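*Asks:* Structure below; questions to follow.
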Amino acid sequence: MNLPNFITLLRVIAIPFFAISLWYGRLWLALFIFIGAGLTDLLDGWIARRFNQRSRVGAILDPAADKLMMLTAFILMSLASNIEISYRIPVWVAILSISRDIIIATVSLMYYMKEEYLNKTPSFIGKFTTGFEFVAISVGLLLNTVSPRPWFNDLNLLVFYLVAILVFSSGLHYFFRVFENDLHPPS
45 MNLPNFITLL
55 RVIAIPFFAI
65 SLWYGRLWLA
75 LFIFIGAGLT
85 DLLDGWIARR
95 FNQRSRVGAI
105 LDPAADKLMM
115 LTAFILMSLA
125 SNIEISYRIP
135 VWVAILSISR
145 DIIIATVSLM
155 YYMKEEYLNK
165 TPSFIGKFTT
175 GFEFVAISVG
185 LLLNTVSPRP
195 WFNDLNLLVF
205 YLVAILVFSS
215 GLHYFFRVFE
225 NDLHPPS
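Residues 45 to 231, numbered by the working numbering, are exactly what the sequence shown covers, in order.
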């Protein structure tokens with residue numbers, strides 16, 4: 045196992061600790077773990093590119109780790125009513141993001157099972173959306189850790205409306221890429 049994959053694996057291992065911290069109201073710890081996960085995502089990618097340690101396992105494990113962390117955060121911060129937080133992720137934003145990820149994973153799996161080539165290199169908008177989701181959830185966690193201010197709710201909603209726009213746009217972009225792949229398969 046190379047170093048980038050090991051770092052990614054640590055990120056996967058951190059997910060239950062993030063969930064438990066959030067579940068039991070340890071918001072500063074949850075924020076610390078979540079930001080740590082985001083930073084290690086940048087670190088493992090940089091190491092893989094810089095030291096030519098890219099691998100097929102890493103190409104699958106890295107985005108899976110991101111999606112599992114996002115899934116955990118979206119579910120707990122939107123639906124878990126026993127978690128005492130003032131500023132939640134709107135349920136419809138969580139559903140939109142999770143649905144997009146499920147659809148993309150399903151389409152990718154269908155292509156894989158048919159043994160057809162599908163250009164799955166992440167696009168800029170896909171990477172930007174994932175990065176913005178990390179920032180938005182971090183902002184949401186931060187807003188819940190400090191003393192409430194009247195404008196926090198508006199900021200929280202604005203950030204997650206932007207997440208929804210990016211999620212929808214990146215989903216459309218992905219499907220245009222798949223459609224283009226079907227029309228013009230690589231030789």
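C-beta atoms are modelled at their ideal positions from N, C-alpha and C, and glycine is treated no differently.
Here the structure is a predicted model, which means the values were calculated and not measured.
1) Just mark GLU128 as buried or exposed, buried being the case when its beta carbon has 16 or more other beta carbons within 10 Å.
2) Would you call the CB atoms of ILE57 and ASP88 closer than 7 Å?
3) Evaluate ARG94 with the Cβ neighbour count: other Cβ atoms within 10 Å of its Cβ, from every protein chain shown; 16 or more gives buried, anything less gives exposed.
4) Could you check if VAL203 is buried or exposed, using at least 16 other CB atoms within 10 Å of its CB as the buried criterion?
5) Count the other CB atoms within 10 Å of the CB of THR165; is the residue buried (16 or more) or exposed (fewer)?
6) Could you pull out every residue in the same chain whose Cβ sits closer than 8 Å to the Cβ of THR189, ignoring the five residues on either side in sequence?
7) So, are the CB atoms of ARG132 and VAL211 less than 7 Å apart?
8) Count the other CB atoms within 10 Å of the CB of ALA180; is the residue buried (16 or more) or exposed (fewer)?
9) If you measure between the beta carbons of LEU187 and PHE178, is that distance less than 7 Å?
10) Pull up the distance between the alpha-carbon of ILE209 and that of MET113, whole angstroms please.
11) Could you name the residues of the same chain whose beta carbon sits closer than 6 Å to that of TYR218, not counting the 5 residues immediately before and after it, in chain order?
*Replies:* To lay it out plainly:
1) Around the beta-carbon of GLU128, fewer than 16 other beta-carbon atoms lie within 10 Å, marking it exposed.
2) Not a contact, by the Cβ cut-off of 7 Å.
3) Using a 10 angstroms sphere on the CB of ARG94, the tally of other CB atoms stays under 16, which defines it as exposed.
4) VAL203 counts as buried, since at least 16 other C-beta atoms from the protein chains shown sit within 10 angstroms of its C-beta.
5) Label assigned to THR165: exposed.
6) Residues of the same chain with a CB within less than 8 Å of the CB of THR189, apart from the 5 flanking positions on each side, are LEU71, TRP72, LEU75 in chain order.
7) No, they are not a contact pair.
8) Label assigned to ALA180: buried.
9) Cβ atoms of LEU187 and PHE178: not closer than 7 Å.
10) In a straight line, the C-alpha of ILE209 is about 20 Å away from that of MET113.
11) Within the same chain, TYR218 has close Cβ partners ILE148.
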